[in-house]
Structure formats: C-alpha cells, structure tokens
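Residue 4 is where the sequence shown starts when you use our numbering, and the numbers rise one by one after that.
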Amino acid sequence: MTVTAFAPGTEERFALARQVADAVLFEGYVLYPYRASAAKNRLRWQFGVLVPPAWGAGSEEHDFQHTECLMEPRKDATLSVEVRFLHARRRTVQRARPDGGWDTVAELRLDDRVLVPWDEGAEERVALVVPVEELLGEGITRPFRLPAREDTEPVLDPAGRTVGRLHRRSEEVHGSVRLSARELDGPYRTLRLTAVVENTSGWVPPEGRTADRDAALPHSLVATHLLMALSAGSFLSMTDPPEWARGAVAGCRNLHTWPVLAGEPGSADLVLSSPIILEDHPAIAPESPGALYDATEIDEILALRTAALTDEEKREARGTDPRAAAVIDLADSMPAEVLERLHGAVRGLREVTGETGFPDEHGVTRPDTPWWDPASDAGFDPEHDTVVVGDRPVGRGDRVELRPGLRHTDAQDLFLHGRAATVEAVLHDVDGTVHLAVTVDGDPGADIRREQGRYLYFQPDEVVPLEAGP
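Here you go:
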C-alpha cells in the first residue's frame, strides 16, 4: 500500500465521495442468501477485476483500466489520486486436535455460526499527489507492491476454549499507476487527463496445469476504481459537457471504467472513475439502512428475504463473512418504521412541486404536506364516470375501436390497432389524466380479466366510439 498526504481539504472531499465509492468497492461482494455454499457465491467478484497479465491474455478479463477525462486546472494546481481496490485473502478453517495440532476441515460448527473456507476482501488504496504541470508530456508512473501476508485467528467456544482457528493468506501483488495530460486546442485551457491502473504481477499459472479464475484472484486487484481531485480548477462532465467540449469528450477513450463527477451536487473538482456505469454526482439513497453487499441490491426485498432465512441458514451466513453477519443482524433488528421507508420514494415530483421537509429520526426527509390527498378520491366513481370522446360520452359498457397513438406505452399496441373493445372503467390518476380500462372483444380470457381486474389501458384520444351493438 502506498499512501501520500493529500492537499488541505482534499481528504474531506474524498470522505464524502467514498460513501459511493465504498458501494462500488463492495458491489456483489457477497450475494443473498449470503452463504458460501450458495451457487451464486461460488463465482466471486464481477466488477473491476484486474488480473495478472499472464492470466488476462487467455481470459475475458483484463489487466488494466484506462480512464480519460477533461479538466480545466488553475495555475499551480495539484492532482490528488486514490486508487482503491480489494486484495483477496484466502481463508481456511482448522480444527484443534487434542495433541495440539490442527486439521484443515470443510466446516467448523459453533453455537452461533458455521465457519467455512472463504475468500475475504481486504481494502487497499494507493494514494499520490502530483502537480498538474508534471503530468504534461510523458507524465509519471508510480509502481506499487502489496506483500504476501499470513495470519491466524483463534476460534473460541462459549467457555473460552480454543476449538479451532482461521488461517488467512494473501499473495504478493504488483501494480502501477500511470498519469499523463495533454493540452487541447481551443479557446480555453483544457487538458485531457489519462489515468491507467495496471496489474503488473508476474504470477503465471503452474507449469503443466491450466489454472482457473479462482487461482488468479489472489493475485488480482478486485473492484478497482479511482478517485481524482483538483486542488484548484474543475473537471468537465463526460455525460453532459458544455457544447464547445462535446467533440473533445467524444474523443476520450475509457476502457473497463467510466468517469463521473462526484461529491456535492454542483461541484466539479472531483471525479470517480468506476467499473460500474454511474450518473454524475451519484449518492446513496437516504432510505437505505446499511450496506447489503448484493449486486444491484433492492433493499426492501433483501431485508424481507434475509429476515425470513432459517436459523441454520443464518448461522452459515454469519460464519461466511463478517459483512454477511452484519447484514443478518441488520435484518433481524430493523425497526418496522425503517422497513416501511424502503417501500419506495418519489423524488421527481418533489423537485417539480418544490416541496420541503425535515429529516426524521432515521434521516429520511418527509414533506411538510403530502403531494397527494387521498381524500380527493371520494369524488370519482370508475364504474359510473364518463369522459367525452369526440362529441360522445364514453363510460363502462360502451364499445370503442382502439387506435393507439404515438405513445406506444406497450410494445404490443400496434397489434391492437383497429380492434374493438369494451370499456370496463374510467380511471383518473393523481396527475389528472384520464385512462380507459378496456377488454378486447373476442379475447377468450376477457371474463378472467374482469374477475381479476386486469385490463388494458388507453387514453381518450386513442379510441373512437362505436355504435351500440354486439
């Protein structure tokens, strides 16, 4: 690990960005049901894995990440860079023998957990600070090295007796960070920054054998990503650049990673280059009660399913990894009001209506007044309401011809063009839009749809009234 002191104030800016960067670092670290025996947890780590060159040449994974973005540094600005990744730490389980020796076993069962072999991820970072002027031309290259490590941890029973131990070993890893910049032609002083992170480890598969991915992981950089900050100046957005910079942005080359603006919304002095595609200024949802370490996690579903695991399944999850154990404890102790907040949040309407509010005891902002008054439903009756189509009122029981318009909210709308249908209800949504719930004439499942309340929906300008008749 290589660490360099950052410029004043940079550490505070990085601390905010690390909230999102940590989610990248542990994306898919351990998947529900959080047990090593689960099939989905036998192929570890899917994002940002930089493998040794000897392995990458024969696989679909890579030994480098290449980031390019645009920046407008001020005079005497410095660039602070932090490379963050996990270093795989292979754990084996050993049972104590009466003679003082140790036997390596497939599991060690305790009252509160079941310990099993597993690859843990140790957080690592390489940090450096470079004056921007030194990046021009050839730039700089900083190699780094992670030494091999080995340690043991005793396992005690409730009485405090040693019944086993965990043996952990991590392999030596070599890498490098290459930084360079080139000034672009144009009316403004703009530089194209290039940052390349490489795995330069000399590990090769054992002679005469074909090593699998599992053998290469201890020599890899896992979930690799970059944080970069300017002491003075700003970066340009790669997804929404100013008009004059669009051509230069299109010419940037990003391989196996993607840079976005990070930190406080509206700021532009910090970039997160991530193996997962993000938007500018990504943030952790305030409703999220904690890290669940599951790729593309959906907090409510995972919390409910985790709480529903059997006691034996929870014991194995707790013995798989300390982070899995924390997820189990979180699901078991989550208050009902916190779980309720995971059911969903609508942010777009708050931005439009300008609603304000104050964070509650769980840090979730609630509006001063609701954006929709449920009492307003009292004035509507879907079975008796009508809506004027052309010059005729249309309501439940009327027949119409379907003429889907440009909306095409359903990909199969075009197959219904010209078909006759029966209106089952006239519905009003909270935005004041009217929808006609219909069943298609001749549909053999129409009776079942009516019984279950499952209809097709069209707006009034997508139908034409038909004369009464069969």
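Glycine included, C-beta positions come from ideal geometry on N, C-alpha and C.
By the Cβ neighbour-count rule, H228 is buried, with 16 or more other Cβ atoms within 10 Å of its own.
About 6 Å separates the Cβ atoms of V133 and I143, confirming a contact at the 8 Å cut-off.
With a 10 Å radius around the Cβ and a threshold of 16 neighbouring Cβ atoms, P76 comes out buried.
For Q455, no beta strand (DSSP E) run applies; the uninterrupted alpha helix (DSSP H) run containing it begins and ends at 449-455, by DSSP. Q97: not part of any alpha helix (DSSP H); member of the beta strand (DSSP E) spanning 81-99, first to last residue. Residue state for S336 is assigned as helix, using DSSP reduced to three classes.
By the C-beta density criterion, D115 is exposed, having fewer than 16 other C-beta atoms within 10 angstroms. Beta-bridge analysis with DSSP links P396 to V391.
In the DSSP assignment, Q22 falls outside any beta strand (DSSP E) and within the unbroken alpha helix (DSSP H) covering 13-28. The beta carbon of L469 sits closer than 7 Å to those of R402, V403, E404, A423, all from its chain and outside the five residues before and after it, given in chain order.
In the pairwise beta carbon analysis, the region 61-73 is classified as touching the region 252-272: at least three pairs are separated by under 8 Å. For the options D215, L89, D160, A162, the alpha carbon positioned closest to that of S223 is the one of L89. Boundaries of the alpha helix (DSSP H) around G322: 314-323. Following the DSSP letters along the chain, one finds V207 in no alpha helix (DSSP H), marked with neither H nor E. Between P325 and the set A20, Y37, V166, the nearest pair of CA atoms involves Y37. Here E141 is not near G178, since their CB atoms are 8 Å or more apart. Secondary structure of E127 (DSSP, three-state): strand.
For D160, there is no enclosing beta strand (DSSP E), as DSSP gives it neither H nor E. For G178, the enclosing beta strand (DSSP E) covers residues 176-186. DSSP lists no bridge partner for M241. Residue range 423-431 is occupied by the beta strand (DSSP E) that includes E427. By the Cβ-count criterion, P221 is buried, with 16 or more other Cβ atoms from all chains shown falling within 10 Å of its own Cβ.
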